[in-house]
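Residue numbers (the working numbering), protein chains in the order written: chain Y, 83 to 422; chain P, 83 to 422.
Glycine included, each C-beta is placed from N, C-alpha and C at the ideal position.
Keep in mind it's a predicted model, so treat the numbers as computed, not measured.
Protein chains: 2
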Amino acid sequence: MAPTIYDVADKAGVSIKTVSRVMNAMPNVRPETRDLVMSAVAALNYRPNISARSLAKARSFLIAVFFDNPSAGYVTEFQLGAIARCREAGFHLTMEPIDALAPDLDGIVLPLISALRVDGVILTSPVSDNQLVLQVLQDSGTPYVRIAPDQVQGGAPEVRMDDVQAAYEMTRHLIDLGHRDIGFIRGHPTHSAARLRFDGFCKAMADRGLEVRDRWIQQGFFSFRSGFECAEALLSASDRPTAIFASNDDMALGAMAMAYRLGLNIPNDLSIAGFDDTPAGSVMWPQLTTVRQPIFDMGAAAADLIISGEAKAALAAHNCPSRVLEFRIIARESTAPPPN
Amino acid sequence: MAPTIYDVADKAGVSIKTVSRVMNAMPNVRPETRDLVMSAVAALNYRPNISARSLAKARSFLIAVFFDNPSAGYVTEFQLGAIARCREAGFHLTMEPIDALAPDLDGIVLPLISALRVDGVILTSPVSDNQLVLQVLQDSGTPYVRIAPDQVQGGAPEVRMDDVQAAYEMTRHLIDLGHRDIGFIRGHPTHSAARLRFDGFCKAMADRGLEVRDRWIQQGFFSFRSGFECAEALLSASDRPTAIFASNDDMALGAMAMAYRLGLNIPNDLSIAGFDDTPAGSVMWPQLTTVRQPIFDMGAAAADLIISGEAKAALAAHNCPSRVLEFRIIARESTAPPPN
DNA sequence: CTGAAAGCGCTTACAG
DNA sequence: CTGAAAGCGCTTACAG
């Protein structure tokens, strides 16, 4: 039904090998021969069968993303970036949700990679720090890329941004506005970025000789609800902070909702800053001051590391080249000087 | 490197055909033979190579989702449902964002299906009403499923819910609380569900003899920002409605933000209702009254229609069996009787 | 109930 | 610069 390489070869009057050469942009084809083949391809509307190609090359042109992330905005944005790069190279992306706490985790992961024979796997945080998953990948010889991992570990490239520095600069932004009493909402404990952002916050406070009060540090989980609840703990006492720095946008929005509930005006009574620059933050009122994290670009970079073969090379050499992407502080309307 | 069907056959002392029979759960295998094969499979940790199987069977075990949706929450939830069903059946999902306005849309879609040879395509709204995409799929003989389509059209099964009835019941809920002055925020004009929800609203109002004022109907786009802006138009005049029914949760949350900005208390001064029951709505304060749409189940149903072969049958018979899933009105804290 | 042979549509050495 | 042959790892008729 669909035309095969034989049909194209017949029509062009060449061998299938020559068609293969043209389709794969290999050298040693005369321009005229090439044109002949291309015409036949166009006339028949031929596309190579990816299964046949996969079988012959022992490659699948398929990249899997293992994820376990509470933020739909993050997942979607990352996915879009990875797909963009895949499309340029004729690759496809398959999304595989992974429950890190599943009892038979390797029973889930192993079939995934051994049946599909993906050319590579992208691990978003916190799966990027799951030792069992890393081990299975390593043992099976599957190239993989770790996103924002915690521990440096050989065998796979890393894609990350400088979370410490970003949190440092955002804290600095609040301090420069005049805030001295700053509350902090920590991120999900299993995500290493959560720890790094907290480190950056503490460092900035210490550098200016400002006190980090225990009561003003709250443990969140990257969800809107946790931000809502942490803000209540932060704001209900009489000695409340004049600014809150939340470790991601979802929690910042939760904090904002709680502030409204308590009758506080933002930013006049309270400044709020987030982290991520997800779409919701830029349309919330007032617009959220946040750190722009290049999530789309991180997805594209991760796909590129697999497509380019760097991930495979890292696996063989057991090293971990890393790509560090740029962030940017986005000062919008949710932060202002403290009252009085 | 990875064990093949020959390795298993050798170890079990049978032919590869018998191994194939066991792996595919086909009849005519003696229990003892079956056990022999299973032991060999376990011992070698054998998994059939999906590329080889695809090539031989002319099937890919791959399902593509074509989407073009502004709501990350919707996309992720749908994807999770589809993946759950795929995993049971050894299928995988590849996500393909489609820009309906791309100038060379068929140049994008055609390679996608002819190279991958997916076993089926799931079209979420509004791609499910894109005539060009439908035509390409139909011509190529690729089974597909349409989610919440507008026009009934032969060739593919549909998965939908009764948007008219759901909007009708939600409007009824507001009327029963005592509201007579109800504003409505319409959804994105290219999504057929947007029109159906508006129809349900109008029907409920008419059935109770209530007036639908032009000024109280606003055109939104399913985004937080559009809900925010529509609510401003609705609430800034002196004769404002006592309740707002937004066509999705994102817009309802936008309306809520605007109400706060204008100093209105929810639900005492103003009731707000949404549609979808996305996670954000249930943690916002006050929790959003909304329609629970079974997005996860719709994803699972769509995958099932392809895996079970119903989509293929529909293509051959040129009919369109439909699966209509149940909704539920979730009355939470954002709606209450009108003031006075 | 089980097996030997051919074929799915490509690519990879190997010749020339 | 081009081609004939073998092989990737499965499944599908066809025998027995």
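Original post:
So, do the segment 104-116 of chain Y and the segment 319-326 of chain P have three or more beta carbon pairs nearer to each other than 8 Å?
Top reply: Contact fails between the segment 104-116 of chain Y and the segment 319-326 of chain P, because fewer than three Cβ pairs, one in each stretch, are under 8 Å apart.
Subject >> Runs of beta strand (DSSP E) lying entirely within the segment 238-323 of chain P, each at least 3 residues, in chain order >> reply: Within the segment 238-323 of chain P, the complete beta strand (DSSP E) runs of at least 3 residues are 240-243, 264-268, 299-301.
**OP:** Can you tell me which of P/224, P/402, P/244, P/400 puts its alpha carbon nearest to the alpha carbon of residue 144 of chain P?
**Re:** When only C-alpha atoms are compared, the closest one is P/224.
Original post:
Are three or more beta carbon pairs between the segment 245-260 of chain P and the segment 199-213 of chain P nearer than 8 Å?
Top reply: Contact between the segment 245-260 of chain P and the segment 199-213 of chain P is absent, with fewer than three C-beta pairs closer than 8 Å.
Original post:
Roughly how far, in whole angstroms, is the beta-carbon of residue 396 of chain P from the beta-carbon of residue 238 of chain P, given that I think they are within contact range, below 8 Å?
Top reply: The Cβ separation is near 6 Å, so the contact holds.
Subject >> alpha helix (DSSP H) segment containing residue 187 of chain Y, residue limits >> reply: Run containing residue 187 of chain Y: 187-198, per the alpha helix (DSSP H) assignment.
Original post:
Which word fits residue 181 of chain P, buried or exposed, when buried means at least 16 other C-beta atoms lie within 10 angstroms of its C-beta?
Top reply: Residue 181 of chain P should be labelled exposed.
Original post:
Quick one, which of Y/175, Y/167, Y/179, Y/366 has its alpha-carbon nearest residue 34 of chain P's?
Top reply: What is shown of chain P runs 83 to 422, which leaves residue 34 of chain P out entirely.
**OP:** Give a yes or no on whether 8 Å exceeds the smallest Cβ distance from residue 193 of chain P to chain Y.
**Re:** For residue 193 of chain P, the answer is yes, since a Cβ of chain Y falls inside 8 Å of its Cβ.
Original post:
Can you check whether the CB of residue 332 of chain P is closer than 8 Å to the CB of residue 372 of chain P?
Top reply: Not a contact, by the Cβ cut-off of 8 Å.
**OP:** State the DSSP-derived secondary structure class of residue 89 of chain Y, mapped to helix, strand or coil.
**Re:** DSSP places residue 89 of chain Y in helix when its eight states are reduced to three.
Subject >> DSSP-derived helix/strand/coil call for residue 176 of chain P >> reply: If DSSP states are grouped into helix, strand and coil, residue 176 of chain P belongs with the strands.
Subject >> Among P/382, P/357, P/418, the one whose alpha carbon lies nearest that of residue 266 of chain P >> reply: With distances taken between Cα atoms, residue 266 of chain P lies closest to P/357.
Original post:
Quick one: what's residue 148 of chain P bridged to in DSSP?
Top reply: BP columns for residue 148 of chain P point to P/178, P/205.
Original post:
Residues bridged to residue 335 of chain P by DSSP?
Top reply: DSSP, once it has assigned bridges, lists no residue as partnering residue 335 of chain P.
Original post:
If we call anything under 8 Å between Cβ atoms a contact, is residue 260 of chain P one with residue 376 of chain P?
Top reply: In this structure, residue 260 of chain P keeps its C-beta atom at 8 Å or more from the C-beta atom of residue 376 of chain P.
Original post:
Could you give the C-beta distance for residue 276 of chain P and residue 329 of chain P, rounded to a whole number, given that I count them as a contact under 8 Å?
Top reply: That pair is a contact at about 6 Å.
Original post:
Who does residue 373 of chain Y pair with in a DSSP beta bridge?
Top reply: In the DSSP assignment, the residues bridged to residue 373 of chain Y are Y/411.
Original post:
So what's residue 133 of chain Y in DSSP terms, helix, strand or just coil?
Top reply: Helix.
Subject >> Sufficient close CB pairs (3 or more, under 8 Å) joining the segment 387-395 of chain Y to the segment 95-102 of chain P >> reply: Under the Cβ criterion (8 Å, minimum of three pairs), the segment 387-395 of chain Y does not count as touching the segment 95-102 of chain P.
Subject >> Interface flag, residue 397 of chain P vs chain Y, CB-CB below 8 Å >> reply: No, residue 397 of chain P does not count as interfacial toward chain Y.
**OP:** Could you tell me whether any Cβ in chain Y is nearer than 8 Å to the Cβ of residue 179 of chain P?
**Re:** For residue 179 of chain P, the answer is yes, since a Cβ of chain Y falls inside 8 Å of its Cβ.
**OP:** Can you pull the chain Y residues whose beta carbon is under 7 Å from the beta carbon of residue 154 of chain P, in chain order?
**Re:** What residue 154 of chain P touches in chain Y: 154, 155, 158.
Original post:
For residue 401 of chain Y, which of Y/125, Y/119, Y/220 has the nearest alpha-carbon?
Top reply: Taking only the C-alpha atoms, the option nearest residue 401 of chain Y is Y/220.
**OP:** Determine the extent of the beta strand (DSSP E) in which residue 353 of chain Y is found, giving its start and end residues.
**Re:** Element bounds for residue 353 of chain Y: 353-355.
Original post:
So, using beta-carbon positions, are residue 175 of chain Y and residue 157 of chain Y closer together than 8 Å?
Top reply: No, these two residues do not count as a Cβ contact at 8 Å.
Original post:
Given that residue 176 of chain P touches chain Y, what residues does it touch there, using C-beta distances under 7 Å?
Top reply: The contact set of residue 176 of chain P on chain Y, defined by CB atoms closer than 7 Å, consists of 174, 175, 176 in chain order.
**OP:** With a threshold of 16 other CB atoms inside 10 Å of the CB of residue 97 of chain Y, please say whether the residue is buried or exposed.
**Re:** Looking at its Cβ environment, which holds fewer than 16 other Cβ atoms inside 10 Å, residue 97 of chain Y is exposed.
**OP:** Decide if residue 88 of chain P is buried, meaning its Cβ has at least 16 other Cβ atoms within 10 Å, or exposed.
**Re:** By the 10 Å Cβ count, residue 88 of chain P comes out exposed.
Original post:
Taking C-beta to C-beta, are residue 137 of chain Y and residue 196 of chain P nearer than 8 Å?
Top reply: No, Cβ-Cβ distance for residue 137 of chain Y and residue 196 of chain P is not below 8 Å.
Original post:
From the DSSP output, which residues share a beta bridge with residue 58 of chain P?
Top reply: This structure leaves residue 58 of chain P out entirely; chain P is present only between 83 and 422.
Subject >> Buried versus exposed call for residue 347 of chain Y [16 or more other C-beta atoms within 10 Å across all chains shown] >> reply: By the beta-carbon neighbour count (other beta carbons within 10 angstroms, threshold 16), residue 347 of chain Y is exposed.
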